[in-house]
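Here's what the structure looks like:
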């Protein structure tokens, strides 16, 4: 048996958004590794060992996966959304780079998934239908000044924006500052979408003009989509459609 | 029977990357509408009418879908990748906005898919593992000067970048200018990934340092991923891993 590591994206929550490719990798795994709630999404079966770990131990988890693969196990590291977007894939390659040379020769595969911003955008209409950017608002691994710089440049470029990890209990003030910056830099009433836990039973979606956005509209299960200056709202009975036209 | 329009993402090509949600929508459709090669991906069956159209008629196609839904048909508009990323979803809402008021009350749903940049990133490692942007290099619907402005600001923000529609026969010179601009603005040897037709039998992947990139490495089936200044390459037997670390 040759060991391998597959980093698989489980999508935003609904089983109907898990690709057949990921489903097949899970069916072939001997070990599943990941953050507790993601591992919980994988059904138990004989022959499958589940290793659930807490948040913020991404590098430990990556090393554990590589060690098991080195022993010949077929390991699937599960991420929510897409593993390459603010998730486990980068951590895995950081561990490979810093680890023993033999890890470079392991078979490593990344399987894409539906990332939060695309699930949220689909629910709202097509707010990311023109050029856009994705920014992680967590300052755990980068200085806050860099986040502010990127937000300002994104406004100047007139990108629509997807803001991941907008707000946690440990750092509630960052999103306050981000909203203040965006209000000042945009100086208009472009729509902002607060999309929480899309495709799960806890899903909620809220479209709010930028001047009326309040920090408590987001938590760590929310992805925030900020329109560009061109983004439009179609009011209707029920939730409005939000879209960014293809032309600019 | 109540008509509806579903805009569905077929992913980059492989059937294993089509979500069960999209599969179910296709199974329930009376009509499938889209660009010829995407409609060809949907199997024929009794009761299903397929409407294939040429490229660059997105608005006509959107209106056709809305008209059929108004007559009570269950229409699926198929896009490759994700319909909200440089694909049919925006065109559909442009048509809704400009069309008869009754179109606002049709049931319209967008179903996300695996977009080209995420499929390509997964194949290469995790090049979009930190903040990034997505820019459509086609100047059919926006001035070239805006594309250049966005490329410059993206470099200044140190985003990794996904460049869609880099080069067509009708406008070969744009990508030449984009590469010149990137070489000058980045002034380093960051890795660039040319990912063509990922997940199809024609797939190819090439990792090239920015100074060595040549325009003919891309065509319209290629998505080009440009690393940030932090993006790293792990050389190994076989294709290298490319990843952008989580910290900056």
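Residue numbers (the working numbering), protein chains in the order written: chain E, 9 to 256; chain D, 9 to 256.
The C-beta atom is built at its ideal place from N, Cα and C for all residues, glycine as well.
A quick note: this is a predicted structure, and the numbers were derived from the prediction, not measured.
Shortest alpha-carbon distance to residue i belongs to which of the options?
i: residue 95 of chain D; options: D:144, D:162 and D:197; result: D:144
i: residue 35 of chain E; options: E:16, E:215, E:150 and E:169; result: E:16
i: residue 105 of chain D; options: E:134, E:70 and E:178; result: E:134
i: residue 117 of chain E; options: E:242, E:232, E:12 and E:231; result: E:12
i: residue 129 of chain D; options: D:37, D:240, D:233 and D:50; result: D:233
i: residue 38 of chain E; options: E:239, E:168, E:58 and E:87; result: E:58
i: residue 197 of chain E; options: E:212, E:236, E:205 and E:179; result: E:236
i: residue 253 of chain D; options: D:166, D:78 and D:64; result: D:166
i: residue 121 of chain E; options: E:224, E:29, E:255 and E:208; result: E:29
i: residue 32 of chain D; options: D:45, D:43 and D:51; result: D:51
i: residue 132 of chain D; options: E:119, E:138 and E:131; result: E:119
i: residue 126 of chain E; options: E:114, E:140, E:148 and E:178; result: E:140
i: residue 111 of chain D; options: D:138, D:195, D:88 and D:80; result: D:80
i: residue 60 of chain D; options: D:43, D:67 and D:20; result: D:43
i: residue 53 of chain E; options: E:62, E:40 and E:64; result: E:40
i: residue 180 of chain E; options: E:228, E:217 and E:203; result: E:228
i: residue 193 of chain E; options: E:214, E:160 and E:148; result: E:160
i: residue 88 of chain E; options: E:215, E:251 and E:49; result: E:49
i: residue 178 of chain D; options: D:103, D:214, D:64 and D:97; result: D:64
i: residue 142 of chain D; options: D:148, D:115, D:114 and D:93; result: D:93
i: residue 172 of chain E; options: E:114, E:238 and E:204; result: E:204
Quick one: list the residues of chain E neighbouring residue i, beta-carbon separation under 7 Å, in chain order.
i: residue 161 of chain D; result: 161, 164 and 165
i: residue 92 of chain D; result: 126, 129, 130, 134, 136 and 137
i: residue 142 of chain D; result: 139 and 140
i: residue 253 of chain D; result: 98 and 102
Roughly how many angstroms separate the alpha carbons of residue i and residue j, rounded to a whole number?
i: residue 85 of chain E; j: residue 73 of chain E; result: 7 Å
i: residue 101 of chain D; j: residue 174 of chain E; result: 28 Å
i: residue 55 of chain E; j: residue 82 of chain E; result: 11 Å
i: residue 146 of chain E; j: residue 69 of chain E; result: 20 Å
i: residue 76 of chain E; j: residue 170 of chain E; result: 35 Å
i: residue 249 of chain E; j: residue 156 of chain E; result: 29 Å
i: residue 223 of chain E; j: residue 206 of chain E; result: 19 Å
i: residue 24 of chain E; j: residue 22 of chain D; result: 17 Å
i: residue 163 of chain D; j: residue 191 of chain D; result: 10 Å
i: residue 158 of chain D; j: residue 226 of chain D; result: 20 Å
i: residue 185 of chain D; j: residue 208 of chain D; result: 29 Å
i: residue 99 of chain E; j: residue 182 of chain E; result: 24 Å
i: residue 45 of chain D; j: residue 124 of chain D; result: 16 Å
i: residue 168 of chain D; j: residue 136 of chain D; result: 6 Å
i: residue 241 of chain D; j: residue 109 of chain D; result: 53 Å
i: residue 18 of chain E; j: residue 78 of chain E; result: 24 Å
i: residue 47 of chain E; j: residue 62 of chain E; result: 11 Å
i: residue 211 of chain E; j: residue 20 of chain E; result: 10 Å
i: residue 251 of chain D; j: residue 114 of chain E; result: 16 Å
For residue i, count neighbouring Cβ atoms within 10 angstroms of its own Cβ and tell me buried if that reaches 16, exposed if not.
i: residue 201 of chain E; result: buried
i: residue 27 of chain E; result: buried
i: residue 5 of chain E; result: Outside the displayed span of chain E (9 to 256) sits residue 5 of chain E, for which this structure offers no information.
i: residue 303 of chain E; result: Because chain E in this structure spans residues 9 to 256, residue 303 of chain E falls outside the shown range and cannot be described.
i: residue 188 of chain D; result: exposed
i: residue 231 of chain E; result: buried
i: residue 91 of chain D; result: buried
i: residue 245 of chain D; result: exposed
i: residue 153 of chain E; result: exposed
i: residue 247 of chain E; result: exposed
i: residue 66 of chain D; result: buried
i: residue 151 of chain D; result: exposed
i: residue 10 of chain D; result: exposed
i: residue 71 of chain E; result: buried
Output, in chain order, the set of chain E residues within a Cβ distance shorter than 8 Å of residue i.
i: residue 118 of chain D; result: 129, 130, 131, 133 and 134
i: residue 68 of chain D; result: Those within 8 Å of residue 68 of chain D in chain E number zero; the least Cβ separation is about 14 Å.
i: residue 27 of chain D; result: 19, 24, 25, 26, 27 and 122
For residue i, which residues in chain D fall below 9 Å Cβ to Cβ?
i: residue 177 of chain E; result: Those do not exist, as residue 177 of chain E stays about 21 Å from chain D at its closest Cβ, beyond 9 Å.
Could you check whether the Cβ of residue i sits closer than 8 Å to any Cβ belonging to chain C?
i: residue 97 of chain D; result: The structure shown contains no chain C; its protein chains are E and D.
What residues from chain E crowd round residue i, counting only those whose CB sits closer than 9 Å?
i: residue 112 of chain D; result: 242, 243, 244, 245 and 249
i: residue 256 of chain D; result: 149, 150, 151 and 154
i: residue 239 of chain D; result: By Cβ distance, chain E contributes nothing, its closest Cβ being about 10 Å from residue 239 of chain D, past 9 Å.
List, in order along the chain, the chain D residues whose C-beta lies closer than 7 Å to that of residue i?
i: residue 123 of chain E; result: 126
i: residue 105 of chain E; result: 240 and 242
At a CB-CB cut-off below 8 Å, which residues of chain D make contact with residue i?
i: residue 157 of chain E; result: 165
Based on DSSP bridge pairs, tell me the residues matched to residue i.
i: residue 206 of chain D; result: Answer by DSSP bridge pairing: none, since residue 206 of chain D is not bridged.
i: residue 84 of chain E; result: E:14 and E:40
i: residue 19 of chain D; result: D:89
i: residue 141 of chain E; result: E:169 and D:141
i: residue 55 of chain D; result: Beta-bridge pairing links residue 55 of chain D to no other residue.
i: residue 258 of chain E; result: Nothing about residue 258 of chain E can be read from this structure; chain E reaches only from 9 to 256.
i: residue 230 of chain E; result: E:204
i: residue 115 of chain D; result: D:12
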